[in-house]
Amino acid sequence: MDDSRLSPELAGRFAAIALGHVRREYPNRLEQTLSGPGDLRPPSELHPVFHGSYDWHSCVHSYWMLARLLRRFPDSPEAPAIRALFDAQLVPAKVEAERAYLAAPAARGFKRPYGWAWLLKLSEELGRHGERRWAAAVEPLAEVFAGRFRDFLPIATYAVRVGTHFNTAFGLRMAVDYAEAAGDAALSVLLRGTAERWYGADADCPAWGEPGGDDFLSSALVEAECMRRLLPPERFLPWFGRFLPRLAEGEPAPLFRPAVVADRGDGKIAHLDGLNLSRAWCWRSLAAALPPGDPRRARTEEAARGHLAASLPHIADDYMGEHWLATFAVLALEAERA
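All the letters of the sequence shown, read from the start, carry residue numbers 1 to 338 under full-length UniProt numbering.
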């Protein structure tokens, strides 16, 4: 089996994993500001669609992964179960309850920007399916989060460069796929303008502090992937040369070394498997953007292979990783299709 590509066998394995947890209500890590005792309700009441997978955002991107796998392998053994799940869950009444949760004033910053971006990615992926009712059901929720990007980005003076959910480059990178698919030119312009405002002058990135002990994103590489996606090639390549000027020499060295994961039962340490997989995604996407024969291309491709090999075998070692890592494996394996 070629584990550098999304084979039917790997797709089936990942689908089975996600089908096993997207409706698993407990354990559950809620992100909620309580405004009164009436807010204390079970996860499945608060989030009728996205109450599984340990937390809301992991459930959302697990649905994205299932939608992606269904489109790529529509005749797989797991496809009927995915369709049945979507038919039961992606329905207007349940989506409206999710939207009502977001209407509370205390939910203004709920899952910003990571969950926002993944919900938009889910909407974009569902829109690629011939079965339109799933996309139509989710679209009102996507409109809420697109609106939140429109409201938030003009007042966000500074980028957030951490390697966790708050990373703003990741949010922009994923949101632009939705904006383009939806034909929302104004949102696309806002996302691109924000990326240039936050990152356009960045140069000679040292990758200092990478990896952090609970990173699942590389601050340096996800910024580069954000700019690859949001800038035209003639502007991205000069920017990339300034941002990582010693890439052909394998520098900054920390970006080329897969993270060591000491305890996969520790939820924060398990993030480092996600770091390896998300780095593989970024490295592969960046390699594809480089001209043939560019010495940086071989370096980035080798780095992608090393990071993928380090964590792909450990997707289901423990539920702390199992509830989300397959999504990032699919991102890495499907990088050239993004």
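Idealized CB from N, CA, C, for every residue including glycine.
Ranking PHE152, VAL189, SER76, ARG72 by CA distance to the CA of GLY109 puts PHE152 first.
Less than 8 Å divides the Cβ of LEU255 from the Cβ of LEU221. Secondary structure note for LEU308: its alpha helix (DSSP H) is the uninterrupted segment 295-311. Contact between ASP266 and SER311 does not hold, since the beta-carbon distance rounds to 15 Å and is not under 8 Å. In the structure shown, PHE236 adopts helical secondary structure according to DSSP, grouped into three states. A residue is called buried once 16 or more other Cβ atoms fall within 10 Å of its Cβ, and TRP208, having fewer, is exposed. For ALA137, the secondary structure class from DSSP, reduced to helix, strand or coil, is helix. Excluding sequence positions up to five before and after LEU69, its CB lies within less than 6 Å of the CB of ALA11, ALA15, all in the same chain and listed in chain order. Around the beta-carbon of ARG173, 16 or more other beta-carbon atoms lie within 10 Å, marking it buried. Relative to the Cα of TYR178, the nearest Cα in the group GLU125, ARG297, GLU31 belongs to GLU125. For the alpha helix (DSSP H) assignment, the uninterrupted runs of no fewer than 4 residues enclosed by the stretch 208-272 are, from N- to C-terminal side, 219-230, 233-243.
Here LEU277 is not near LEU217, since their CB atoms are 8 Å or more apart. Below 8 Å, too few C-beta pairs join the stretch 257-266 and the stretch 191-202 to call them touching: fewer than three.
Looking at the backbone, the Cα of HIS21 and that of THR327 are separated by about 13 Å. HIS47 sits in coil when the DSSP states are folded into three classes, being neither helix nor strand. DSSP places PHE170 in the uninterrupted alpha helix (DSSP H) bounded by 168-181. One alpha carbon belongs to GLU139, the other to SER123, and they sit about 6 Å apart. Only residues of its own chain outside the window of five on either side were considered, and among them THR33, SER35 have a CB closer than 6 Å to the CB of ALA106, listed in chain order.
Taking C-beta atoms as the reference points, SER285 and ALA335 count as a pair closer than 8 Å.
Collapsing the DSSP output to three states places PRO77 in coil. The beta carbons of LEU230 and VAL176 sit about 6 Å from each other, so the pair counts as a contact at 8 Å. By the Cβ-count criterion, ALA93 is exposed, with fewer than 16 other Cβ atoms from all chains shown falling within 10 Å of its own Cβ.
Within a 10 Å sphere around the beta-carbon of GLY147 sit fewer than 16 other beta-carbons, which makes this residue exposed. For the pair LEU19 and VAL330, the CB atoms are not nearer than the 8 Å cut-off. Across the structure, PRO292 and GLU25 are spaced so that their CA atoms are roughly 48 Å apart. One alpha carbon belongs to ARG112, the other to ALA136, and they sit about 23 Å apart. Counting only the Cα atoms, ALA253 lies some 44 Å from ARG99. As the crow flies, the alpha-carbon of LEU275 is around 6 Å from that of ASP215. Judged by DSSP secondary structure, TYR114 falls within the alpha helix (DSSP H) whose first and last residues are 114-126. In the DSSP annotation of this structure, the continuous segment of the alpha helix (DSSP H) that includes PRO92 starts and ends at 92-102. If you draw a straight line from the Cα of ALA81 to the Cα of ASP75, it comes to about 11 Å. Secondary structure at CYS59: helix, using DSSP grouped into helix, strand and coil.
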